[in-house]
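Participant: I'd like to ask you about the structure that follows.
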Amino acid sequence: MATSSHRYRVLARSGLPLDTVKLARYLIGKIVVRETPQGLLSGRIVETEAYPVGDAAGHAFRGETARTQTLFLSRGHAYVYLAYGTSYMLNVSSEAVGVGAGVLIRALEPLEGIETMQRNRHVKNLRDLARGPGRLAAALDIDRRLEGIDLCRKGSLWLARDLSGAPKVAASTRIGLSKEAHRILRFYIPGNRFVSGAKMLNR
DNA sequence: AGTGCGATTGACT
DNA sequence: GTCAATCGCACTA
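Numbering (this note's numbering), first residue to last: 112 to 314.
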């Protein structure tokens with residue numbers, strides 16, 4: 112399977128809801144496309160989390176800093192950071208220019224480039240390739256090189272329309288937080304086997 | 001300059 | 001189920 116990005120249509124920025132929570136829901140079912148020298152990798156988004164304006168758990172909460180400046184770009188830009196010194200997290204900026212907020216992409220259903228993802232992850236099992244934010248970044252070879260990239264423009268990393276219809280979307284509390292742990296800001300496809308987190312939360 | 005702490009993962013009891 | 005690894009960042013002084 113060589114380059115088949117022609118099957119994908121890039122998401123238009125004007126089509127992205129100008130609201131972090133709505134965008135988190137909107138991105139469920141959309142496609143992440145990663146183009147590398149090794150070939151094209153892609154996956155369907157099955158789980159996201161919103162980190163809206165005013166959220167004490169969000170990295171933009173304390174204002175714009177060197178790390179978080181890309182969260183303040185117009186919606187549809189990549190914010191990539193290293194969590195726990197071990198795992199990169201892929202986020203999508205989600206508000207107007209100068210307003211800091213984002214959506215964390217937490218899990219993908221692998222579509223194309225599965226053999227490359229298996230090499231990147233040193234794991235065979237399809238279910239484990241991109242189930243979890245750190246895992247999906249490793250599978251797609253995403254790190255700080257991609258910080259600030261425009262995800263609404265074809266390139267090394269971008270977002271595409273889903274080919275099938277709108278999936279069912281369920282909501283729950285976010286995973287792994289101490290602050291703002293009660294808020295219902297996680298979205299996922301119920302019953303999907305590529306969703307991370309506790310089973311009870313995924314029904 | 002030093003400190004505490006994660007939007008996680010994988011290895012292990 | 002528990003827990004250490006690992007490091008960039010925000011905050012204190």
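The beta carbon of each residue, even a glycine, is placed where N, CA and C say it ideally should be.
Please report how far the alpha carbon of Ile142 lies from the alpha carbon of Pro301, in whole angstroms.
Facilitator: Computed Cα separation, rounded: 18 Å.
Participant: So, at 7 Å on beta carbons, what are the nonlocal neighbours of Leu215 in its own chain, with the 5 sequence-adjacent residues on each side left out?
Facilitator: Thr159, Glu160, Tyr162, Met200, Asn202 and Pro244
Participant: Please identify the residue among Glu206, Ala167 and Val157 whose C-alpha is closest to the C-alpha of Gln180.
Facilitator: Ranked by Cα distance from Gln180, the first of Glu206, Ala167 and Val157 is Glu206.
Participant: Using C-beta distances below 8 Å, list every residue in its chain close to Lys290, excluding the 5 sequence neighbours before and after it, in chain order.
Facilitator: Ala167 and Ala168
Participant: How many Å lie between His293 and Arg285 at the Cα?
Facilitator: 8 Å
Participant: Are Leu193 and Leu219 closer than 7 Å when you measure CB to CB?
Facilitator: no
Participant: Which of the three DSSP states, helix, strand or coil, is assigned to Tyr137?
Facilitator: helix
Participant: By Cβ distance, which residues of its chain are closer than 8 Å to Gly209, with the 5 residues on each side in sequence left out?
Facilitator: In chain order, Phe183 place their CB closer than 8 Å to the CB of Gly209, counting only its own chain and leaving out the 5 sequence neighbours on each side.
Participant: Is the beta carbon of Tyr190 less than 7 Å from the beta carbon of Gly213?
Facilitator: yes
Participant: So for Ala123, helix, strand or coil by DSSP?
Facilitator: coil
Participant: If distances are taken between C-alpha atoms only, which option among Ala249, Arg186 and Ile225 comes closest to Arg124?
Facilitator: Arg186
Participant: Quick one: which unbroken beta strand (DSSP E) runs of 3-plus residues sit fully inside the region 167 to 222? Chain order, please.
Facilitator: Listed in chain order, they are 189 to 194 and 198 to 204.
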